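Right, one structure below, let's go through it.
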Amino acid sequence: MTVEAHKETLDFKAEVSQVLDLVIRSLYSNKEIFLRELISNASDAAEKLRFEALSDDGLYEGDSQLRIRVEVDREAGTLTVSDNGIGLARQEVIDTIGSIASSGTRRFVEALSGDQAKDSQLIGQFGVGFYSAFIVADKVTLVSRRAGLGSEHGVRWESDGRGTFSLETVEKAGRGTDVILHLKEDETEFLDAWRLRGIIGKFSDHLALPVEMRKERFDEGEQQEPEPAVEYEQVNRGTALWMRNKSDITEEEYHDFYKHVAHDFEAPLAYAHNRVEGTNEYTTLLFVPKRAPWDLWERDPKHGVKLYVRRVFIMDEADKLLPHYLRFVKGVVDSDDLPLNVSREILQHNRKIDTIRQANTKRVLGLLESLAKDDPETYHTFWDEFGRVLKEGPAEDFANRERIAGLLRFATTHSDGDAQRESLDGYLERMKDGQDKVYYITADSPAAARHSPHLEVFRKKGIEVLLLSDRVDEWLVSHLNDYKGKSLQSVAKGDLDLGDLADEQEKEHKEKAAAEHGTLLERLKNSLGERVEAVKPSTRLVDSPACLVVGEHEMSAHLARVLKAVGQSAPTSKPTLEVNLDHPLVKRLEAETREDRFADLALILLDQAQLAEGGQLEDPAAFVARLNHLMLSMLIAER
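Sequential numbering of the sequence shown, starting at 1, is according to the UniProt record's numbering.
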C-alpha cells in the first residue's frame, strides 16, 4: 500500500477478485443489467437519506428534491449515474465498495458451484450489483460525499477491476454519489440517449424517485445540439408501483420491481398485491423468490420486507411484518397509519403492526396454497428451496399450525426416491381402513429412515410411514401432534399400537412366545444391565433380530444426536431393547450355554440395533473385537 497525502492505493482481497471476474463473465449476455443495478443503488441511497432526515432535516442541505440523473459524455466516452441521496463517507466506501460486503464474501465464494448459470443467480442475492458496471466499463470512478459532512470530505474511489483500487479525499460541493463509467471501446451503444431511455423505461419505470436525463430536441429524426441552458426531464413514470391499480400493471413490471427490491436476476415464483382499507389502511406487494438466498441459514441473516409510511421509505428488512419462518418473502408494505418516525422498537409493540403481520402471513400462506393446488410442479420447486424453513412454522405460529401443515411435503415409504413430494392430505387419503394415526420415523439421513428396522411390520402390512431426515423435523413433530383429527405417532417410540390394523392372531402368537421365552428375556436384561431399560419381545420386527425403542414421552435417539452435534447437552435415557423371537440369531442366542459367549452375543445384538438406527457406539473397538472373536470361533468350529 502506498500513501500520498490523502490518496492511497489498496489491493482487493483474492475472493473479491474472484467475485468480480464471475460478475463480468456471468452477466455479459445481459449487459444492460448494469444500469438497473446502478439506478437501484441510487434509489436506495435517496430512500436512506429521506429516512435519516426525519430526525435531522439539516441533512437535506437546503435541497429536499431527491432525484437520479443519467448523463453521457460522448467525447470522453463516459456514462454517469448520479444521485443526491445519503452519500458515503471515506470509511463507508472502504467497507461497502472496497470489500464487497466483507463480512460475507468468503461464505459467498464458498457457495459458488462452478456452474456459471447457477453462480450468476447468486450474484444478485449477494448484493454486488455495483460491480456489474465492469461488464461495460474498463474503469469505474465513484465520487461521493455523505450528507451532513462538509464539502472537503468528499471521497473519490477508482478501479479498473483488476486487483487494486485507489482512494483519495476530494472536494465535493453536493451530497450524494456520482458513478462514472469509462466505457469499453465496443460498448458505445450505451452512449446513445434513446438506448438508455429504453433501458430505464424497461427496468426502472416503477421507481417512485424521478430518473432524469438531459432534455434534447429532435427534428426529422436528426439529433440537434442541446440547448445552452441544460434542462432535465424525467424519463421514468416515477409512481410507486405498489400504489397503482393491479389492472394497470403488467407481469413484466411486477417482475422488474421484484428484481429491484430483492436484487435478484430471476423473476419471482409468485406474488400477491393487495390494498387494505378500513381502520388500518395499508398496501402490500409480496414476492416468493424462485431460489433460496445464500445466507438463508446464517445466524443473523438480513430478512424482511421494506416498510414505507405514506410512500416514504422507513426501513429495510422490517422483520416484524412477517414471522421468521416466512423470512424468504420479499416486497414492500406501505402504511397510511403508522407515524413517520416509527422505529424497530415501536414496531415490536404496535397493534397495527400485529394486524399487518397476521394479514401478511395469511396472504402468503394463501398464495402458497394456490400454488400447491394449481401448479404442483412449481410448488415442488418452492419446496425444494424453502421447505425446511416452512417446517419451522408449526412451532412458531400456533394459530396457523394446521394450515402450514397442509403445505408441508414429505418422503414416505410409498413414494419413489427421497424427494419430499407427499402431502399430509395425500397421506390421509391413502390411510387404510381402521388406521387412526399418521406414522412417522426420524433419522439422520433419507437412507437411514427408509431402511430402519422399525418399519418392517409397516411394510408387511402396507402401512405408509413418513420418512423424516431434516434436522428441523424433530422440532416440527414436537409441535405438530395431530393433523385433521389424526395424531402423529413415531414408530420408534413406546409400545407399538396399530389399533384396528393389528392382527389378533399374530398378537396372541407374540404373547405366547413372550411367555415361553421369558428366561431368554431375563438373561438378556441381566447381561446388558444398565445399558437398557428393559428387554421385550418385538411386534415391529420381521427380518431384523433387534431394535431400540425409547419411551413415548422421551427424547428420540435422533434428536439427542442432533443436539449433541450442535454442542448442546441432551437428557440421557435408557432405551428398551426389542428382540424378534422368531429370528434365527435370537434362537441361537437362547440355546447358548456358555455365559461368556452369551454376553458377547447380547452386546453385539445391542450394538447392531444401535448402528441400524444411525447411532454411534460408545466403544467401537470393543464391538469389532467381539465380532472378530465370534467369526473366528465359527471358522474354527467349521474345521
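C-beta: ideal position from N, C-alpha, C; glycine also. In this text, all values refer to a predicted model and were calculated from it rather than measured experimentally.
| Item | Value |
| --- | --- |
| Assign F265 to one of three DSSP states: helix, strand, or coil. | coil |
| Starting from H380, trace the alpha helix (DSSP H) both ways and give me its first and last residue. | 376 to 390 |
| Exposed or buried, which one is K432 when buried takes at least 16 other CB atoms within 10 Å? | exposed |
| By DSSP, does D334 sit in helix, in strand, or in coil? | strand |
| In chain order, what residues of the same chain lie with their CB nearer than 6 Å to the CB of D500, ignoring the 5 residues before and after it? | G434 |
| Distance, Cα to Cα, L524 vs D607? | 13 Å |
| Take the Cβ of F126 as the centre, count every other Cβ of all protein chains shown within 10 Å, and call the residue buried at 16 or more, exposed below. | Any answer about F126 is weak, because its pLDDT of 49 lies below 50 and its placement is not dependable; what the coordinates show is given next. It counts as buried. |
| Alpha carbon to alpha carbon, how far is E592 from F598? | 6 Å |
| Report the three-state DSSP secondary structure of F328 (helix, strand or coil). | coil |
| Report the partner residues of S82 according to the DSSP bridge assignment. | R69, D178 |
| Of the residues F130, D192, R67, F51, which one's Cα is nearest the Cα of E75? | D192 |
| Measuring only the C-alpha atoms, how far is L407 from L521? | 45 Å |
| Excluding the five sequence neighbours on either side, which residues of its own chain have a C-beta within less than 6 Å of the C-beta of W383, listed in chain order? | R409 |
| Quick check on the burial criterion: 16 or more other C-beta atoms within 10 angstroms. Buried or exposed for Q489? | buried |
| Count the other CB atoms within 10 Å of the CB of E422; is the residue buried (16 or more) or exposed (fewer)? | buried |
| Got a sec, what are the start and stop residues for the alpha helix (DSSP H) K460 sits in? | 456 to 461 |
| Just verifying my parser: in three-state terms, what is the DSSP assignment at W294? | coil |
| With DSSP as the reference, please indicate the residues paired to M213 in a beta bridge. | E233 |
| Run through the DSSP bridge pairs and tell me what K139 is partnered with. | H182 |
| Across which residues does DSSP place P537 in a beta bridge pair? | V579 |
| At a cut-off of 7 Å, is G176 close to the ligand NAD when judged by its beta-carbon and the heavy atoms of the ligand? | The ligand NAD is absent from the structure shown, which contains no ligand whatsoever. |
| From the DSSP output, read off the bridge partner residues of N274. | T284 |
| Could you give the distance in angstroms between the alpha-carbon of F313 and the alpha-carbon of I97? | 23 Å |
| Return yes when the Cβ of I441 is within less than 8 Å of the Cβ of V477, no when it is not. | no |
| Identify the residues that DSSP records as bridge partners of K486: which are they? | Y483 |
| Which residue marks the beginning of the beta strand (DSSP E) containing S415, and which one marks its end? | Neither: S415 is in no beta strand (DSSP E) and is coded neither H nor E. |
| To which residues of the same chain is L466 closer than 6 Å at the C-beta, ignoring the five residues directly before and after it? | F410, T412, Y440 |
| Considering only the beta carbon of each residue, do K330 and V261 sit closer than 8 Å? | yes |
| Provide the residue span of the beta strand (DSSP E) that contains K437, from first to last. | 437 to 442 |
| Run the CB neighbour count on D44, radius 10 Å, all protein chains shown included, and call it buried at 16 or more, exposed below. | buried |
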